[in-house]
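Let me begin by presenting the structure, written as structure tokens, before commenting on it.
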């Protein structure tokens, strides 16, 4: 069974731009969560989607948004990029009702 | 979610058992103990979880004390590939909980 895939793997953007990251969950997994990892703040939860609905949200500004499609694939968007948004963005999927989350390799975003 | 406390770092000799402790003295009755690890530059990897009974799978064993205030993750025969940051997380098992990662334990396997 294929694992969680994320695209792109690396991205360089300029301050003020926006970016969209994509995540394809493991087949059959309907819950998708997003996390941000930085050296200073560690791993932080962004949001979680199930059946195209956001069920849970972390403490991030509204510039961070996401969505989930009917096939469970998910995208997250960051608008008006800031230098501090430089991070590894991780996507994880899980079966409904379980906390065993399976992570993708991440997208490393660099904002210059 | 209950707060967990882990040592910042540990070393273990290759081939020996690595025992990683976690303190979760405020854990509530419906909270499970989950363990994840993150190998450098990769996404976190689920290892094991348990409620009150000891658990074992192909990767590790989880020993939870009778009062559930602490637990130990055991990697029975550590290899160099087990070098990673290990996270202990306490949360309920209702399925819509966000994983809250602390600073974890950086385990280094020494050849």
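Residue numbers (our numbering), protein chains in the order written: chain A, 1 to 112; chain B, 1001 to 1111.
Note that the Cβ used here is the ideal one computed from N, Cα and C, for glycine as well.
All values reported here derive from a predicted model rather than from experimental measurement.
Residue-chain proximity (residue i, chain B), Cβ-Cβ < 7 Å
| i | result |
| --- | --- |
| residue 56 of chain A | yes |
| residue 25 of chain A | no |
| residue 28 of chain A | no |
| residue 90 of chain A | yes |
| residue 83 of chain A | no |
| residue 45 of chain A | yes |
| residue 113 of chain A | Nothing can be reported for residue 113 of chain A: it is not among the residues displayed for chain A, which extend from 1 to 112. |
Neighbouring residues, chain B, relative to residue i (Cβ below 7 Å)
| i | result |
| --- | --- |
| residue 102 of chain A | 1046 |
Within-7 Å CB hit, residue i to chain A
| i | result |
| --- | --- |
| residue 1098 of chain B | yes |
| residue 1043 of chain B | yes |
Best match in the options for proximity to residue i [C-alpha to C-alpha]
| i | options | result |
| --- | --- | --- |
| residue 1053 of chain B | B/1044, B/1072, B/1040, B/1045 | B/1072 |
| residue 93 of chain A | A/9, A/110, A/24, A/56 | A/24 |
| residue 41 of chain A | A/80, A/105, A/70, A/59 | A/59 |
Sheet register partners of residue i (DSSP bridge)
| i | result |
| --- | --- |
| residue 53 of chain A | A/50 |
| residue 109 of chain A | A/11, A/87 |
| residue 45 of chain A | A/35 |
C-beta atoms of residue i and residue j nearer than 7 Å
| i | j | result |
| --- | --- | --- |
| residue 37 of chain A | residue 95 of chain A | no |
| residue 33 of chain A | residue 48 of chain A | yes |
| residue 1002 of chain B | residue 1031 of chain B | yes |
| residue 1013 of chain B | residue 1076 of chain B | no |
| residue 77 of chain A | residue 65 of chain A | yes |
| residue 83 of chain A | residue 17 of chain A | no |
| residue 1089 of chain B | residue 1034 of chain B | yes |
| residue 1006 of chain B | residue 1105 of chain B | yes |
| residue 1056 of chain B | residue 1024 of chain B | no |
Contact list for residue i against chain A, beta-carbon separation under 7 Å
| i | result |
| --- | --- |
| residue 1086 of chain B | Result: empty, since nearest Cβ-Cβ is about 13 Å, beyond 7 Å. |
Chain-ordered neighbours of residue i on chain B, where CB pairs are closer than 9 Å
| i | result |
| --- | --- |
| residue 42 of chain A | 1101, 1102, 1103, 1104 |
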